[in-house]
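Undergrad: Numbering (the UniProt record's numbering), first residue to last: 1 to 318. Even for Gly, the Cβ is constructed at its ideal location relative to N, Cα and C. I am attaching a structure below and will ask some questions about it afterwards.
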Amino acid sequence: MESKGQYPPRGNHTTLMDFILLGFSDVPDLQEFLFGVFLIIYVIILMGNSLIIIITQTDPSLRTPMYFFLGNFSSLEICYVSVTVPRLLTDLCRQSRSISFLACATQMYFFLVFGATECFILTAMAYDRYVAICNPLLYPLIMNSRLCIQLAAGCWITGIPVHIGFTYLIFSLPFCGSNQLNHFFCDIPPILKLACGDTFTIEILVYTVAVLVVTIPFMLILGSYVKIISTILKLPSAAGRAKAFSTCSSHLVVVTLFFGSGIISYLRPKSSHSTGMDKFLSLFYSIVTPMFNPIIYCLRNKDVLVALKKFLPKWIVI
1 MESKGQYPPR GNHTTLMDFI LLGFSDVPDL QEFLFGVFLI IYVIILMGNS LIIIITQTDP
61 SLRTPMYFFL GNFSSLEICY VSVTVPRLLT DLCRQSRSIS FLACATQMYF FLVFGATECF
121 ILTAMAYDRY VAICNPLLYP LIMNSRLCIQ LAAGCWITGI PVHIGFTYLI FSLPFCGSNQ
181 LNHFFCDIPP ILKLACGDTF TIEILVYTVA VLVVTIPFML ILGSYVKIIS TILKLPSAAG
241 RAKAFSTCSS HLVVVTLFFG SGIISYLRPK SSHSTGMDKF LSLFYSIVTP MFNPIIYCLR
301 NKDVLVALKK FLPKWIVI
């Protein structure tokens, strides 16, 4: 009997025309609860990041390179979660959870592109903090508007050509047997599990791209913060040290959450992969971390808090 969504066999393989996203179908009694939880998280992400974008654009005191990159980061977070969460919410409400081959490839492509962009923007934000703290006198000269725009544009564009080819190679693999994707979106590990034949070359490519996109930016950020912390500790006054560290702490927390889960997910050995762990890590870096980001930046950043206190009363009155 042929599986749903497949053409008749061609040679030794079957051409899949769609996948079935199993998602959280293994807990049918929790579908409504999970829908409510993910909907609330999605609304928090949209509202929190939209608020940051608005105040960084409207408050004159936040028109600095640091908040320029924060506005870009918040815009990116909205795009990033919108690739997966609306589809997840839809699947929690319906019985048919099929996703076409093309739609699956498109979802993976945008997820990878926005994920790479996030790595690059977090690196640019670390560089901004490095220049501000380690070279404060040259900061206005180095971090001029032209360089900020170039860095932001580079972050958004760099991953596009790489992941077009990367996604094409993954979906050029032969797929046979089951078309059931035991995940809630089209991510690399569950897709490769359904591929037939030797996937060794693709797996090496996955590790290579992960090193280039995740590990190298993480090492650059780590190097920046070693120098930043070293400089902060040399400051003569405790107040100066506290102020300098407060401008970096939010970014450092976000970097730890995002890169930690991403590195564990994509760079751990294949033998240690399990469906439950893959879903948990994917939930963490694709949904949970973006929810915490606006909260972290708002609660741990005095400038943002002051801007919010000025903005919210006006908005409430309107």
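Can you tell which of LYS279, MET108 and SER172 has its C-alpha closest to the C-alpha of HIS183?
TA: Locating residue 183 in the sequence shown gives position 183, where the first residue counts as 1. Looking at the Cα atoms, LYS279 is the closest of the given residues.
Undergrad: Considering only the beta carbon of each residue, do PRO65 and ASP128 sit closer than 8 Å?
TA: In the sequence shown, the residue the question calls residue 65 occupies position 65. In the sequence shown, the residue the question calls residue 128 occupies position 128. PRO65 places its beta carbon less than 8 Å from that of ASP128.
Undergrad: DSSP three-state call for PHE38: helix, strand or coil?
TA: Position 38 of the sequence shown, counted from the first residue, corresponds to residue 38. Three-state DSSP puts PHE38 in a helix.
Undergrad: Would you tell me roughly how many angstroms separate the C-alpha atoms of GLU203 and LYS310, rounded to the nearest one?
TA: One-based indexing of the sequence shown puts residue 203 at position 203. One-based indexing of the sequence shown puts residue 310 at position 310. Cα-Cα distance, rounded: 51 Å.
Undergrad: Just to confirm the assignment: which complete alpha helix (DSSP H) runs, minimum length 4, are found wholly within the segment 225 to 307?
TA: Secondary structure remark: continuous alpha helix (DSSP H) runs of at least 4 residues inside the segment 225 to 307, in chain order: 238 to 267, 275 to 283 and 289 to 299.
Undergrad: Tell me the rounded alpha-carbon separation between LYS243 and GLY71.
TA: Taking the first residue of the sequence shown as 1, we reach residue 243 at position 243. Taking the first residue of the sequence shown as 1, we reach residue 71 at position 71. If you take the alpha carbons of LYS243 and GLY71, they lie about 21 Å apart.
Undergrad: At which residues does the beta strand (DSSP E) containing SER98 begin and terminate?
TA: On the sequence shown, residue 98 is found 98 positions in, with the first residue counted as 1. Taken as a continuous stretch (DSSP letters only), the beta strand (DSSP E) holding SER98 covers 98 to 100.
Undergrad: Distance, Cα to Cα, LEU112 vs GLU32?
TA: As a working note, residue 112 is residue 112 in the sequence shown. As a working note, residue 32 is residue 32 in the sequence shown. C-alpha separation (whole angstroms): 29 Å.
Undergrad: Only counting the same chain, and skipping five residues up and downstream in sequence, which positions put a Cβ closer than 6 Å to that of ALA132?
TA: For the purposes of this step, residue 132 is taken as the residue at position 132 of the sequence shown. Closer than 6 Å at Cβ, skipping near neighbours: TYR139.
Undergrad: Is TYR80 closer than 8 Å to PHE114 when the C-beta atoms are compared?
TA: Working through the sequence shown from its first residue, we reach residue 114 at position 114. Working through the sequence shown from its first residue, we reach residue 80 at position 80. Yes, the Cβ-Cβ distance between PHE114 and TYR80 is below 8 Å.
Undergrad: Less than 8 Å between the beta carbons of ILE78 and LEU39, yes or no?
TA: Taking the first residue of the sequence shown as 1, we reach residue 78 at position 78. Taking the first residue of the sequence shown as 1, we reach residue 39 at position 39. For ILE78 and LEU39, no; Cβs fall outside 8 Å.
Undergrad: Here's the rule: buried if 16 or more other CB atoms are within 10 angstroms of the residue's CB, otherwise exposed. What is VAL27?
TA: Here residue 27 is taken as the residue at index 27 of the sequence shown, counted from 1. Looking at its Cβ environment, which holds fewer than 16 other Cβ atoms inside 10 Å, VAL27 is exposed.
Undergrad: In chain order, which beta strand (DSSP E) runs of at least 3 residues are fully inside the segment 63 to 107?
TA: 98 to 100
Undergrad: In whole angstroms, what is the alpha-carbon distance linking ILE99 and PHE19?
TA: Within the sequence shown, residue 99 is the residue found at index 99, counting from 1. Within the sequence shown, residue 19 is the residue found at index 19, counting from 1. Looking at the two C-alpha atoms, the distance is approximately 5 Å.
Undergrad: Please state whether the Cβ-Cβ distance between ILE52 and SER82 is less than 8 Å.
TA: Looking up residue 52 in the sequence shown gives position 52. Looking up residue 82 in the sequence shown gives position 82. Going by C-beta atoms, ILE52 is not nearer than 8 Å to SER82.
Undergrad: Looking at LEU62 and ASP303, is the spacing between their C-beta atoms short of 8 Å?
TA: As a working mapping, residue 303 is identified with position 303 in the sequence shown. As a working mapping, residue 62 is identified with position 62 in the sequence shown. Yes.
Undergrad: So, are the CB atoms of VAL254 and ASN293 less than 8 Å apart?
TA: Start at 1 with the first residue of the sequence shown, and residue 254 comes out as number 254. Start at 1 with the first residue of the sequence shown, and residue 293 comes out as number 293. Contact flag set, yes.
Undergrad: With DSSP collapsed to three states, give me the class of PHE33.
TA: As a working mapping, residue 33 is identified with position 33 in the sequence shown. In this structure, PHE33 counts as helix in the three-state DSSP scheme.
Undergrad: Would you identify the three-state DSSP class for PHE184, choosing helix, strand or coil?
TA: Position 184 of the sequence shown holds residue 184. In the structure shown, PHE184 sits in coil (DSSP, three-state: anything other than H, G, I, E or B).
Undergrad: Quick check: what's the CA-CA separation for LEU305 versus ILE295?
TA: Counted from its first residue, the sequence shown places residue 305 at position 305. Counted from its first residue, the sequence shown places residue 295 at position 295. So the alpha carbons of these two residues sit roughly 11 Å apart.
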